[in-house]
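Beneath this line is the structure, given in structure tokens, with notes to follow.
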Amino acid sequence: MKRKKLILICIMALLQLSSCDKIASLFKKKSQDTEPKKQERVVTPSRPRTRVDTYGKPQLCIIIDDFGSFDNALLDDFCKIDPAVTFAIIPGLNYSRSSMQKAIKSGREVIVHIPMEAENSDVNPGNNAIRSNMSSVAIYNRVKEYFTELDQAIGANNHMGSKITANKELMRYSLRYLSEKNLLFVDSRTTANTVAREIATEMRVPFAERNIFLDAPDNTDAVLRERIKDLEKYKGNNGRVLVITHCFDNGRLQRLKTFIEEAKKMGFVLVPVSEYVKQEPIS
Ligand SMILES: [Zn+2]
Numbered sequence: 134m135k136r137k138k139l140i141l142i143c144i145m146a147l148l149q150l151s152s153c154d155k156i157a158s159l160f161k162k163k164s165q166d167t168e169p170k171k172q173e174r175v176v177t178p179s180r181p182r183t184r185v186d187t188y189g190k191p192q193l194c195i196i197i198d199d200f201g202s203f204d205n206a207l208l209d210d211f212c213k214i215d216p217a218v219t220f221a222i223i224p225g226l227n228y229s230r231s232s233m234q235k236a237i238k239s240g241r242e243v244i245v246h247i248p249m250e251a252e253n254s255d256v257n258p259g260n261n262a263i264r265s266n267m268s269s270v271a272i273y274n275r276v277k278e279y280f281t282e283l284d285q286a287i288g289a290n291n292h293m294g295s296k297i298t299a300n301k302e303l304m305r306y307s308l309r310y311l312s313e314k315n316l317l318f319v320d321s322r323t324t325a326n327t328v329a330r331e332i333a334t335e336m337r338v339p340f341a342e343r344n345i346f347l348d349a350p351d352n353t354d355a356v357l358r359e360r361i362k363d364l365e366k367y368k369g370n371n372g373r374v375l376v377i378t379h380c381f382d383n384g385r386l387q388r389l390k391t392f393i394e395e396a397k398k399m400g401f402v403l404v405p406v407s408e409y410v411k412q413e414p415i416s
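In our numbering, the protein residues as written are 134 to 416.
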């Protein structure tokens, strides 16, 4: 009699376990429908070959935006510039991958230049951009695609994006993959209404933001002189400044070289973006 009872208890327990499994698998299926899958790939970040002593010196970080649409002598010339200068590459273009490979070979860090929707609907950020009508899962998966293609990138900044970076929800979706992978984000500040710093801080994404556009409003010697003068503002004690320029032509490359020379004369030390972000004061 006792044995029969024991067998019955065992059968009951087994039945219970199998139904638990069923419920668990149902739950798992449901959560997979709404949540993006866990990552299989681990990003191997590039590391610059140069290490710089920045103690007590003002720091200058430079990012060159918009690489990916050409692989020619101009790209090779850009690759000869100081290796602490970071390249921001637009994903999904004909030469995105080869630009990344050449940049890494030249000893520098690479970030994804994430195409994002702008307030002005006349400007086209590209077919593979982050758009305001996308779901959280679609945005997450698109960001993952960028980093799968540009697998040496250690972070990202935004290409255009005044509509996305001003929206808290959309920025949360956009930064989720970066947060999971400990990738950094630099706000290009294409709008004064940006919420990127707030959301990056909330999501613990290593963060910094642009202070100066070197080639805006246009790429001329007069603007260059103004920008060199602007550096004074950031010099101070342990000053920091993050400058963005673009890769479009040799004129920009030459002005960038002059800018770097002048900045060094003023005592600035050029630091790679990962180094710069590490020392960002916590807000
Ligand atoms: Zn851009």
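Virtual Cβ for every residue (Gly too), placed ideally from N, Cα, C.
Residue i beta carbon near ligand 1 (any heavy atom closer than 7 Å)
{"i": "Asp204", "result": "no"}
{"i": "Asp198", "result": "yes"}
Cα-Cα separation between residue i and residue j, rounded to whole angstroms
{"i": "Thr391", "j": "Leu347", "result": "11 Å"}
{"i": "Lys163", "j": "Ile272", "result": "At Lys163 the pLDDT is 39, less than 50, meaning the model places this residue with poor confidence; the figure from the coordinates comes in the next sentence. Roughly 20 Å separates the two Cα atoms."}
{"i": "Gly372", "j": "Phe280", "result": "32 Å"}
{"i": "Cys380", "j": "Glu335", "result": "32 Å"}
{"i": "Thr378", "j": "Ser307", "result": "23 Å"}
{"i": "Arg230", "j": "Leu283", "result": "6 Å"}
{"i": "Asn257", "j": "Gly189", "result": "43 Å"}
{"i": "Gly259", "j": "Gln285", "result": "22 Å"}
{"i": "Ile263", "j": "Pro224", "result": "12 Å"}
{"i": "Glu168", "j": "Glu302", "result": "In this predicted model, Glu168 has a pLDDT of only 39, less than 50, meaning its place in the structure is not dependable; the value taken from the coordinates is given anyway. The straight-line gap from Cα to Cα measures roughly 16 Å."}
{"i": "Pro405", "j": "Ser321", "result": "16 Å"}
{"i": "Asn266", "j": "Val410", "result": "31 Å"}
{"i": "Cys194", "j": "Ile393", "result": "10 Å"}
{"i": "Lys238", "j": "Ile244", "result": "14 Å"}
{"i": "Ala236", "j": "Glu242", "result": "7 Å"}
{"i": "Ile332", "j": "Asn274", "result": "19 Å"}
{"i": "Glu250", "j": "Glu365", "result": "34 Å"}
{"i": "Arg343", "j": "Ile196", "result": "9 Å"}
Closest residue to residue i among the options (Cα-Cα distance)
{"i": "Ile297", "options": "Ala349, Gly201 and Asn253", "result": "Asn253"}
{"i": "Thr187", "options": "Glu413, Val410, Asn261 and Val402", "result": "Val402"}
{"i": "Thr353", "options": "Ser295, Arg388, Asn205 and Glu282", "result": "Arg388"}
{"i": "Asn383", "options": "Leu208, Leu316 and Gly189", "result": "Leu208"}
{"i": "Glu413", "options": "Phe340, Asn315, Leu317 and Asn291", "result": "Phe340"}
{"i": "Ala325", "options": "Val338, Met293, Gly288 and Lys314", "result": "Met293"}
{"i": "Ser312", "options": "Val276, Thr323 and Asn300", "result": "Val276"}
{"i": "Val319", "options": "Phe211, Lys397, Ser202 and Thr219", "result": "Thr219"}
Three-state secondary structure (DSSP) of residue i
{"i": "Cys380", "result": "coil"}
{"i": "Phe401", "result": "coil"}
{"i": "Glu413", "result": "coil"}
{"i": "Phe280", "result": "helix"}
{"i": "Phe392", "result": "helix"}
{"i": "Phe211", "result": "helix"}
{"i": "Ile237", "result": "helix"}
{"i": "Val218", "result": "coil"}
{"i": "Ile223", "result": "coil"}
{"i": "Glu342", "result": "strand"}
{"i": "Leu386", "result": "helix"}
{"i": "Thr167", "result": "For Thr167, the pLDDT reaches just 40, beneath the cut-off of 50, and the residue's location in the model is therefore unreliable, although a value from the coordinates is still provided. Of the three classes helix, strand and coil, the one that applies to Thr167 here is helix, per DSSP."}
{"i": "Val256", "result": "coil"}
{"i": "Val245", "result": "strand"}
{"i": "Ser158", "result": "Interpretation of Ser158 is limited by its pLDDT of 43, a score under 50 that renders its predicted location unreliable; no figure is taken from the coordinates."}
{"i": "Arg174", "result": "Because the pLDDT of Arg174 is 45, which lies under 50, any placement of that residue in the model is unreliable, and the number read from its coordinates should be weighed accordingly. Here Arg174 sits in coil by DSSP."}
{"i": "Asp354", "result": "helix"}
Could you tell me which uninterrupted alpha helix (DSSP H) segments, each at least 4 residues in length, are contained entirely in the region 283-325, listed from first to last along the chain?
301-314
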